[in-house]
Amino acid sequence: GVFVLDIEKLRSALEAADDNNSQGEVYLTTPAVKVLQECNGATVTLPVDESEQISGVNDLHEMAYANFVMRHRILEEHLDSGVIIDDPASTFIEVDVEIAPGARIMPYCVLRSNVKIGAECVVGPFAHLRGGTELDDRAQVGNFVETKNAHLGEGAKSKHLTYLGDVEIGAKSNIGCGTITANYDGKNKHKTTIGNNAFIGSGAILVAPVNVGDNATVGAGAVVTANHDVPAGEIVVGVPAKKISK
31 GVFVLDIEKL RSALEAADDN NSQGEVYLTT PAVKVLQECN GATVTLPVDE
81 SEQISGVNDL HEMAYANFVM RHRILEEHLD SGVIIDDPAS TFIEVDVEIA
131 PGARIMPYCV LRSNVKIGAE CVVGPFAHLR GGTELDDRAQ VGNFVETKNA
181 HLGEGAKSKH LTYLGDVEIG AKSNIGCGTI TANYDGKNKH KTTIGNNAFI
231 GSGAILVAPV NVGDNATVGA GAVVTANHDV PAGEIVVGVP AKKISK
C-alpha cells in the first residue's frame, strides 16, 4: 500500500521491527500500520489501472520482472513521443533520459540516466551512453562506442569501437575507429576538448588534459600526450604526436 506518515514516528517504529514471523522477513508495513493506528489515521482506497503498478518485490525474480515492466513503460513513452526504436526488446533506457523526436536508437543499446539526445541523432547498434552524455542534433554514436560525460556537437560522429570519456567534441568533427580519450591518470580524471571540424584518425589516443583545435587532424595511431595541445588547422602524427612540417 501507500502510506503518508509522520517520519519521526515511523523511524521510531522501524527500530522495533523484527522478523519474528513465519516468513522470517521484516515487514515494513507492520511499523507503518502501527504509526497509522497511533495517529488515528484514515484509510482510503486508491484505485490503480494495472496490478503491475503495485506488484511486490521479494526476490530477484520479482525484481527482474519489476525492472522489465518499468523498462517497457519507459520505452513506450519514448515511442509515443516520436523516437524511433528499432528493437525495443534489446534496448535499455533508464529514467531521466531525454530523446528528441526523430532520433533513432538501433538494437542493443544502453542509455543510462542523465543522457540527452537531440533530433535526428543515430545511436547504435551496441552503443553504451553513460551519465552526462549529450548529443546535439544529427550527432552519431555507433557500434561498440562508450561515452561518459561526453558532449558531441551538431553532426559530430563517432561510429566504431571508441571510448569517449570527459570530452567536448565540436560540430561536424569525426572520431575515427578505435579512438580513446585517456581521461584517467591513475588518480584524477581530466578533460579532452576537440574543436569543430576536427578529424581524429583511427586508433588515436588523446591523453587528457589536452585540446585539439578547430579543423585539426590527428593521424591514425597517433598518441597526443597530456598538455601537448594540437593548434587549429595543424596535422600531427606519430608517437608521441608531432606536427608535420610544411
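Anchor point for the sequence shown: position 140 equals 170 in our numbering, and the numbering is continuous, going up by one each time. Where a beta carbon is used, it is the ideal one built from N, C-alpha and C, also for glycine. Just so you know, these numbers come straight off a predicted model, no measurement behind them.
- Under the 8 Å Cβ criterion, the stretch 100-117 does not count as touching the stretch 85-92, having fewer than three qualifying pairs.
- Nearest C-alpha to residue 101 among 119, 245 and 191: 119.
- Separation of residue 202 and residue 217 (C-alpha to C-alpha, rounded to the nearest whole angstrom) is 32 Å.
- Under the DSSP assignment, residue 198 falls outside any alpha helix (DSSP H), being part of the beta strand (DSSP E) whose first and last residues are 187-199.
- Residue 60 and residue 43 have their C-alpha atoms spaced approximately 9 Å apart.
- Below 8 Å, too few C-beta pairs join the stretch 49-60 and the stretch 71-87 to call them touching: fewer than three.
- When DSSP states are grouped into helix, strand and coil, residue 177 belongs to the strand group.
- In this model, residue 197 and residue 223 are separated by some 6 Å (Cα to Cα).
- In the structure shown, residue 212 falls within a strand segment according to DSSP collapsed to helix, strand and coil.
- Judged by DSSP in its simplified three-state form, residue 134 adopts strand.
- Here DSSP, grouped into helix, strand and coil, assigns residue 220 to coil.
- Residues of the same chain with a CB within less than 6 Å of the CB of residue 165, apart from the 5 flanking positions on each side, are 147, 148, 151 and 182 in chain order.
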